[in-house]
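Visitor:
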Amino acid sequence: MPTIYVDPLITMNTNEEITLIIHFRTLPAHAAVAIAKSSGYSLSQEKAEQEVEASHLRFRRDVQRFLSEVGIPFKINHIYKTVFNGVSLSIQGNKIPVLLQSPEIAAIYANKEFKINPPYLQY
């Protein structure tokens with residue numbers, strides 16, 4: 001099984017619910033088309049979009065099998081298909097290792113909000 005990047009900010013030894021950003025292995029359609037073109041391959045936008053849809057279907061099947069069927073509660077909060085391909089998902093921290101059985105997952109990140117203050121420019 002390929003390596004999955006796990007954000008070090010994620011606490012997996014807690015019963016508390018954690019919201020994750022899950023990044024799939026399948027590239028977003030526009031990125032897949034651009035990479036194929038730069039590599040000398042032909043990939044239509046339609047085919048790339050079908051691959052993205054298929055990756056979401058595979059992930060839904062995985063969470064059904066690994067989580068739902070064994071009674072592990074989770075919630076898919078948001079589906080991403082444009083800038084990157086994946087989902088936002090809430091699950092108990094100590095259940096994350098079960099989720100990592102999905103071969104669709106490339107990386108998981110803590111869903112953290114970052115704020116920056118623009119520099120103050122005095123004129």
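Numbering (UniProt numbering), first residue to last: 1 to 123. Beta carbons are placed, not taken as given, at the ideal position from N, Cα and C, and that holds for glycine. All figures in this text were calculated on a predicted structure; none of them were measured in a lab.
Would the beta-carbon of residue 29 fall within 7 Å of that of residue 49?
Guide: Contact: yes.
Visitor: Can you tell me which of the three DSSP states residue 59 falls into?
Guide: Helix at residue 59.
Visitor: Could you pull the DSSP bridge partners for residue 40 from this structure?
Guide: Per DSSP, none; premise fails for residue 40.
Visitor: Along the chain, where does the beta strand (DSSP E) that runs through residue 20 open and close?
Guide: Note, residue 20: beta strand (DSSP E), 17–24.
Visitor: Can you tell me where the beta strand (DSSP E) with residue 98 in it begins and where it stops?
Guide: From DSSP, residue 98 is part of no beta strand (DSSP E) but of the alpha helix (DSSP H) over 96–99.
Visitor: Quick one: residues in its chain with C-beta nearer than 8 Å to the C-beta of residue 14, no 5 flanking neighbours on either side, listed in chain order?
Guide: Contacts found: 92, 93, 94.
Visitor: At which residues does the beta strand (DSSP E) containing residue 76 begin and terminate?
Guide: Here the beta strand (DSSP E) through residue 76 covers 74–80.
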